[in-house]
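Note that UniProt numbering gives residue 53 to position 53 of the sequence shown, counting from 1, and the numbers run on in steps of one. For each residue, glycine too, the CB sits at the ideal point set by N, CA and C. First comes the structure, then the notes that go with it.
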Amino acid sequence: AFIKDDTATLTSSGIHDGCIVYVMGDRANNEQLRQTASGNPEEVGYMIRISKVMDKIEGSKDKIEEFDIRVVSMLDGEQNDTMRKETEDLGIYLSELLMQSLIALDGVDCPSEFVTARANRRQGVKHCQELMDRVDQARAALKQQQNKQKL
């Protein structure tokens with residue numbers, strides 16, 4: 001069985017006396033340890049979790065740019081029903097993706113002595129919130145324009 005909950009006890013996972021346990025994962029190398037303030041390999045694990053979420057956010061930047069371009073062109077009057085629907089759907093998708101990333105970052109609970117990991121998490125949350133604000137503002141402008149057209 002794979003233990004996915006770091007707080008679970010071994011007995012709750014079915015591990016008892018006489019069991020053979022295989023530990024899977026990567027060891028923190030010396031360079032990763034030097035990048036942390038504490039030098040603790042556990043901090044490297046937190047930083048890797050944060051890094052994975054940030055990679056997901058960085059991968060969505062192209063879609064955010066595409067969304068911004070679509071919204072600007074629609075505000076300039078270039079639109080049809082299909083383009084409007086696709087743009088709305090992309091905005092909803094991006095909002096959801098960024099919200100999931102924010103929740104994932106919130107789930108990384110770094111101890112206070114892991115200064116580097118906490119700083120990386122804080123920076124990641126701030127960056128994610130900035131992107132969410134950007135997407136939300138574009139969605140609001142698009143919705144406002146659509147409401148004006150209905151009148």
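Here N147 carries a helix assignment [DSSP, helix/strand/coil]. Rounded to whole angstroms, the separation of the alpha carbons of E65 and V72 is 11 Å. If you look at M99, you'll find it in the alpha helix (DSSP H) that goes 81 to 106.
Setting aside the 5 residues that flank it on each side, C110 is surrounded in the same chain by Y46, A117, R118, R121, each with a C-beta closer than 7 Å to its C-beta; the list follows chain order.
In the three-state reduction of the DSSP assignment, A138 falls in the helix class, which pools H, G and I. The three-state reading of DSSP puts L10 in coil, since its state is none of H, G, I, E or B. Closest in alpha carbon position to R139, among L94, I20, K61, is L94. Taking 8 Å as the upper bound for CB-CB distance, I15 and V21 are in contact here, some 6 Å apart. A distance below 8 Å between beta-carbons, with the five flanking residues on each side excluded, links L98 to the following residues of its chain, in chain order: I57, S60, C128, L131, M132, V135.
Within its own chain, the residues whose Cβ lies closer than 8 Å to the Cβ of A141, once the five positions on either side in sequence are excluded, are V71, L75, listed in chain order. Judged by DSSP secondary structure, S73 falls within the alpha helix (DSSP H) whose first and last residues are 61 to 75.
Here T87 is not near F114, since their CB atoms are 8 Å or more apart. Across the structure, I48 and L102 are spaced so that their CA atoms are roughly 16 Å apart.
Around the beta-carbon of I69, fewer than 16 other beta-carbon atoms lie within 10 Å, marking it exposed.
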